[in-house]
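One structure below.
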Amino acid sequence: MRLSGDFFGRDVLVVAPELIGKKLFRNKNGATTGYSIVEVEAYRGEEDKASHARFGKTSRNGIMYAPGGLVYVYLIYGMHWMLNIVTGPGEQPQALLIRGLKGFEGPGRLTRALEIDRSFYGEDLALSSRIWIETGEENPAITQSSRIGIDYAGDPWKSMAWRYRLGG
DNA sequence: AGCAAGATCGGT
DNA sequence: CCGATCTTGCTG
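Mapping of the first sequence onto my numbering: position 145 corresponds to residue 210, and the numbering continues sequentially without gaps.
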């Protein structure tokens with residue numbers, strides 16, 4: 066069953082663990098492939114100094130302020146596309162960075178493998194024929210730890226256990 | 001208008 | 001550990 070606003074419209078810290086074990090589908094040239102989501106990271110509000118929303122609403126992060134269920138894609142280090150899912154009811158900027166799929170560990174590697182780029186910015190997971198998410202494994206084991214690559218955020222943000230992984 | 005830094009990755 | 005590579009958003 067395809068997930069939509071009912072699922073993604075909740076707080077990012079509620080959605081994050083539930084997204085583990087769900088299946089991300091990608092259709093390219095008429096062929097559809099599904100991948101289990103194994104790792105995500107939560108970015109929550111303007112007060113989160115690790116989030117792109119820490120400077121407030123800008124042209125890049127504007128989509129984070131939308132109601133949950135849209136795709137937020139951006140380029141990092143001039144070469145890697147990062148795939149994020151917007152969550153929450155809207156107004157408060159929230160997003161989940163997809164860091165790993167079964168078979169594709171690493172946020173930059175998975176977007177390269179699935180051919181996801183800036184053309185996916187704002188894509189609606191409830192309506193898109195290119196990318197969507199469906200229910201998957203029920204109640205998988207989940208491990209929480211601190212987020213990667215955001216030491217610049219300082220405490221307490223760099224220490225928040227907002228990274229969720231499948232298993233132990 | 002200029003510039004530093006980045007939610008990363010792969011090779012030394 | 002270092003370079004790649006380019007966009008963003010701050011600073012002046």
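Heads up, the beta-carbon is just placed ideally off N, CA and C, and yes, glycines get one too. Predicted model, so just to flag it, every value in this text is computed and none were measured.
Jot down the residue ranges of each uninterrupted alpha helix (DSSP H) in the segment 157-214, minimum 4 residues, whole runs only, in chain order. 172-179, all fully within the segment 157-214.
Whole alpha helix (DSSP H) runs in the segment 76-136 with 4 or more residues, listed along the chain? Along the segment 76-136, the alpha helix (DSSP H) occurs as fully enclosed runs of 4 or more residues at 77-84, listed in sequence order.
Can you tell me whether L192 is buried or exposed? The criterion is at least 16 other CB atoms within 10 Å of its CB, across all chains shown. exposed
Chain-order list of residues whose beta-carbon lies under 6 Å from that of E104 (same chain, five-residue window excluded): R164, G165 and R230
If L190 and S101 are in contact, beta carbons under 8 Å, what's the gap, nearest whole angstrom? Not quite, the Cβ-Cβ distance comes to about 16 Å (not below 8 Å), so this is no contact.
So, with DSSP's three-state summary, where would you put Y142? coil
Count the other CB atoms within 10 Å of the CB of E170; is the residue buried (16 or more) or exposed (fewer)? exposed
Candidates G121, P132 and K122: closest to R75 by CA position: P132
Contacting residues, own chain, Cβ-Cβ under 7 Å from G187 (five flanking each side not counted): I128, L135 and V136
Less than 8 Å separating the beta-carbons of G219 and P158? no
Within 8 Å, strictly: CB atoms of A115 and A81: no
Whole-angstrom distance between D113 and V151, CA atom to CA atom: The straight-line gap separating the alpha-carbon atoms of V151 and D113 is approximately 15 Å.
Using the rule of at least 16 other Cβ atoms within 10 Å of the residue's Cβ for burial, across every protein chain shown, is M147 buried or exposed? buried
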